[in-house]
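In this note's numbering, the protein residues as written are 238 to 416.
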């Protein structure tokens, strides 16, 4: 991970822990064979491709673009979030053709990508050199929210815990805007 991306993810995790009042531990499966470099790259690239495709679709259609000024990130990135859930799946149905094989290490790599993208978009906003500042700001907000949603899946937050984190993030965002 890049130093800036690593720092961003560390701060987000610390914020989650502060809000929830507990430490977040990553569950690492035991006994799974490591992924080959080809498998690793394929899964990581699939996640990145889903991000870019769903982001572009949102930019073209603006279907989930705003509800009182807030992008509906969960609805704008359904395939991406489904892939993340699939990468973390710990149980399958008894009649499933394959056993669950959670790959949190791939999700960590995807989080690194999202963190780097969030930083890149933030820097573009600071420099005011974007051709479409409103689009960049919306992409920044959605990508930042996607980091939180992905982290919530990675650390297996309950729906109640996810709601607490989102409410606190919304409150902190409003306070930051005020100044």
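Beta carbons: idealized from backbone N, C-alpha and C, even for Gly.
All values derive from a computational prediction rather than experimental measurement.
query: Taking just the CA atoms, how far does residue 253 sit from residue 247?
result: Indexing the chain shown from 1 puts residue 247 at position 10. Indexing the chain shown from 1 puts residue 253 at position 16. Going from the Cα of residue 247 to the Cα of residue 253 covers about 10 angstroms.
task: Look at the Cβ atom of residue 287, then the Cβ atom of residue 320, and state whether they are nearer than 7 angstroms.
output: Working through the chain shown from its first residue, we reach residue 287 at position 50. Working through the chain shown from its first residue, we reach residue 320 at position 83. Yes. Within cutoff.
message: Among 380, 402, 394 and 392, whose alpha-carbon lies nearest the alpha-carbon of residue 295?
response: One-based indexing of the chain shown puts residue 295 at position 58. Ranking the options by Cα distance to residue 295, first place goes to 380.
query: Below 7 angstroms between beta carbons: does that hold for residue 420 and residue 351?
result: The question about residue 420 has no answer, for the chain in this structure spans 238 to 416.
field: Identity of the residue in 347, 397, 241 and 330 nearest residue 277 by Cα
entry: For the purposes of this step, residue 277 is identified with residue 40 of the chain shown, where counting begins at 1. Of the candidates 347, 397, 241 and 330, the one whose C-alpha sits nearest the C-alpha of residue 277 is 347.
query: On the premise that residue 257 lies in contact with residue 341, defined as a C-beta separation below 8 angstroms, what is that separation, rounded to the nearest angstrom?
result: By 1-based counting over the chain shown, the position of residue 341 is 104. By 1-based counting over the chain shown, the position of residue 257 is 20. Taking the Cβ atoms as the reference, residue 341 lies roughly 19 angstroms from residue 257, outside the contact range of under 8 angstroms.
message: If the criterion is Cβ atoms closer than 7 angstroms, does the pair residue 472 and residue 327 meet it?
response: Outside the shown range of the chain (238 to 416) lies residue 472, about which nothing can therefore be said.
message: Going residue by residue through the region 342 to 372, where are the continuous beta strand (DSSP E) segments of at least 3 residues, counting only ones entirely within it?
response: Within the region 342 to 372, no complete beta strand (DSSP E) run reaches 3 residues.
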